[in-house]
Amino acid sequence: MRLLVGISGGSGIIYGVRFLEELKRAGVETDLIMTRAAKETLVLETDYSVRQVDALGTHVHRIDDIAAPPASGSFRIDGMAVIPCSMKSLAGIAIGYEDNLLLRAAAVTMKERRRLVIVPRETPLNSIQITNMLTLANAGAIIVPAMPGFYHRPKSVEAIVDHVVGKVLDVFGIEHELYERWKGPIST
Ligand SMILES: Cc1cc2nc3c(=O)[nH]c(=O)nc-3n(C[C@H](O)[C@H](O)[C@H](O)COP(=O)(O)O)c2cc1C
0 MRLLVGISGG SGIIYGVRFL EELKRAGVET DLIMTRAAKE TLVLETDYSV RQVDALGTHV
60 HRIDDIAAPP ASGSFRIDGM AVIPCSMKSL AGIAIGYEDN LLLRAAAVTM KERRRLVIVP
120 RETPLNSIQI TNMLTLANAG AIIVPAMPGF YHRPKSVEAI VDHVVGKVLD VFGIEHELYE
180 RWKGPIST
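Note that numbering that gives the first Met the number 0 gives residue 181 to position 182 of the sequence shown, counting from 1, and the numbers run on in steps of one.
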């Protein structure tokens, strides 16, 4: 399997980092595209450097390299996740404004009818943002909001992050042990 991983400047950059780590563990080949805001947010929110995150991707593309392979539908790829997805990138994908490689690759993923997973991060949401999500869901994208569940009783921030990352891996059918699946209530 080969996946495109777009990381944009939403809060929760750690979701994108953990996703890349898990894809590497699972032996999935990745093409990483980080926006400028994502790189800024990474440094503000985490102890990771851009170099460390780049090292997690099999292939790394510059955000302004509009001639990179993922810009074309002829490039063989199984799908794409934008994790986290800022409201700006969400808007760009929803209206087809393909002015950087992440937005172009997302548009290509959809036109080729490949799986596109969007992990939006914002709260509260205005009606424009909600409409953009609906537009994308209607166009076939899978919206996996960064809305962790708590039914697995997380004991750490890492476990909360991993629940969201696990849900994205689930969409692509990638095996993981990031959270315990619901088996029904424990009988007393
Ligand atoms: C620390 C930090 C946190 C941010 N969190 C969010 C967020 O949760 N959601 C969002 O839509 N934008 C957020 N932003 C703003 C985006 O980074 C900004 O709109 C940027 O232009 C997005 O560009 P991109 O989509 O090309 O990455 C944040 C910015 C910073 C610096």
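Don't be surprised by glycine CBs; every beta carbon is placed ideally from N, CA and C.
Here the structure is a predicted model, which is why all the values come from computation and not from measurement.
Item                                                                                                        : Value
P144 in three-state terms, based on DSSP                                                                    : coil
S126 Cβ short of 6 Å to ligand 2 heavy atom set                                                             : Ligand 2 is absent from the structure shown, which contains only ligand 1.
Length of the line joining the Cα atoms of S85 and K182                                                     : 33 Å
DSSP beta-bridge partners of E28                                                                            : R1
Simplified DSSP assignment, three categories, for A80                                                       : strand
S155 Cβ short of 6 Å to ligand 1 heavy atom set                                                             : no
DSSP three-state assignment for L115, whether helix, strand or coil                                         : strand
Residues near V107 by beta carbon distance below 6 Å, same chain, minus five either side                    : G72
Cross-strand partners of I94 (DSSP beta bridge)                                                             : Per DSSP, none; premise fails for I94.
The segment 46 to 55 / the segment 85 to 96 touching (three or more Cβ pairs under 8 Å)                     : no
At least three beta-carbon pairs within less than 8 Å, the segment 159 to 166 to the segment 108 to 115     : no
Outcome for G172 when other beta-carbon atoms lying within 10 angstroms are tallied against a minimum of 16 : exposed
Per-residue burial, E21 [other beta carbons within 10 Å of its own, 16 or more giving buried]               : buried
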